[in-house]
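Residue numbers (the working numbering): 7 to 104.
For every residue, glycine included, the Cβ atom is placed at its ideal position computed from N, Cα and C.
Below is one structure, written out as structure tokens, with a few remarks after it.
See below:
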């Protein structure tokens, strides 16, 4: 059985469309879930959706095999290169299936 990974993208909402569009273009079979409005504090700033910290983040998560995970990493790296100041993060954890 192939290893399965959970991938999470946490990013500013301003690049949500760019990320999803490129992921769907490069990995057409990708199935994912988006949580559109996330508050939090990252390494550089807060994103609370209020008058002091007006920006918001989103989270996209999916489950994929290692080959597809590597494709996803390349996509996110390309978006980070295009938008270096938007606080785009990608995390992988190994997932268990039963």
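Out of curiosity, what's the CA-to-CA distance linking residue i and residue j?
i           : j          : result
residue 67  : residue 58 : 28 Å
residue 20  : residue 26 : 12 Å
residue 37  : residue 69 : 8 Å
residue 55  : residue 16 : 15 Å
residue 102 : residue 75 : 15 Å
residue 42  : residue 93 : 16 Å
residue 40  : residue 22 : 9 Å
residue 49  : residue 28 : 25 Å
residue 104 : residue 71 : 15 Å
residue 51  : residue 98 : 23 Å
Is the separation between the beta-carbon of residue i and that of residue j shorter than 9 Å?
i           : j          : result
residue 53  : residue 18 : yes
residue 100 : residue 12 : yes
residue 89  : residue 9  : no
residue 14  : residue 96 : yes
residue 32  : residue 65 : no
residue 44  : residue 63 : yes
In the DSSP assignment, the alpha helix (DSSP H) including residue i goes from what residue to what residue?
i          : result
residue 81 : 72-88
residue 94 : Counting along the chain, residue 94 falls outside any alpha helix (DSSP H), and DSSP gives it neither H nor E.
Let me know the secondary structure DSSP gives residue i once reduced to three states.
i           : result
residue 103 : coil
**Item:** 3-residue-minimum beta strand (DSSP E) runs that sit fully inside the stretch 7-70, ordered along the chain
**Value:** 10-18 and 39-44
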